[in-house]
Amino acid sequence: MEASSNQQQKEKEPRVHRPYAFDKMEGLVREMQDPQNGVPVRSQKQFLTSIPSAFMGYDLVEWLMDRLSIEESGTNISGPFASLDVCADCPGILERI
């Protein structure tokens, strides 16, 4: 009886058509690569070497927030940690997150 209820539950769950999801991701990646409106790509210097055509993580996050209309930043998740005093050894770290 448990197996039939699991089967019914699986049938009720919406299924994502994988190619459609991949098409959406591919479209997003193409937008990211757009020279005018995509993620800024430039050469990055690291020690004595130069890495061509690289982007910074914060540039990607900002672009995704703009593109997907996300207004909240991750700073609001630090509240519960502040009450737990998990960063007692590193004062002020939560304000920088």
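Numbering (my numbering), first residue to last: 98 to 194. Beta carbons: idealized from backbone N, C-alpha and C, even for Gly. If you're wondering where the values come from, they're calculated on a predicted model, not measured in any experiment.
Put residue i into one of helix, strand or coil per three-state DSSP.
i, result
"Pro111", "coil"
"Pro149", "strand"
"Val126", "helix"
"Glu159", "helix"
"Gly135", "coil"
Only counting the same chain, and skipping five residues up and downstream in sequence, which positions put a Cβ closer than 8 Å to that of residue i?
i, result
"Tyr128", "Here residue 128 is Glu; the residue named in the question, Tyr, does not match the sequence. Within the same chain, Glu128 has close Cβ partners Asn134, Gly135 and Arg164."
"Leu125", "Arg164"
Between which residues of its own chain and residue i is the CB-CB distance below 6 Å, once the five residues before and five after are set aside?
i, result
"Ser140", "Ser147 and Pro149"
"Cys187", "Only weak support exists for where Cys187 lies, its pLDDT of 49 falling under 50; the value from the coordinates is given anyway. Hits under 6 Å: none found."
"Trp160", "Val136"
From the DSSP secondary-structure annotation, give me the bridge partner or partners of residue i.
i, result
"Lys142", "Ser147"
Might you give, ordered along the chain, the residues of its own chain that have their beta carbon closer than 7 Å to the beta carbon of residue i, omitting 5 neighbours on each side?
i, result
"Pro137", "Phe152 and Asp156"
Are at least three pairs of beta-carbons, each pair with one atom in the segment 114-122 and one in the segment 136-145, less than 8 Å apart? no
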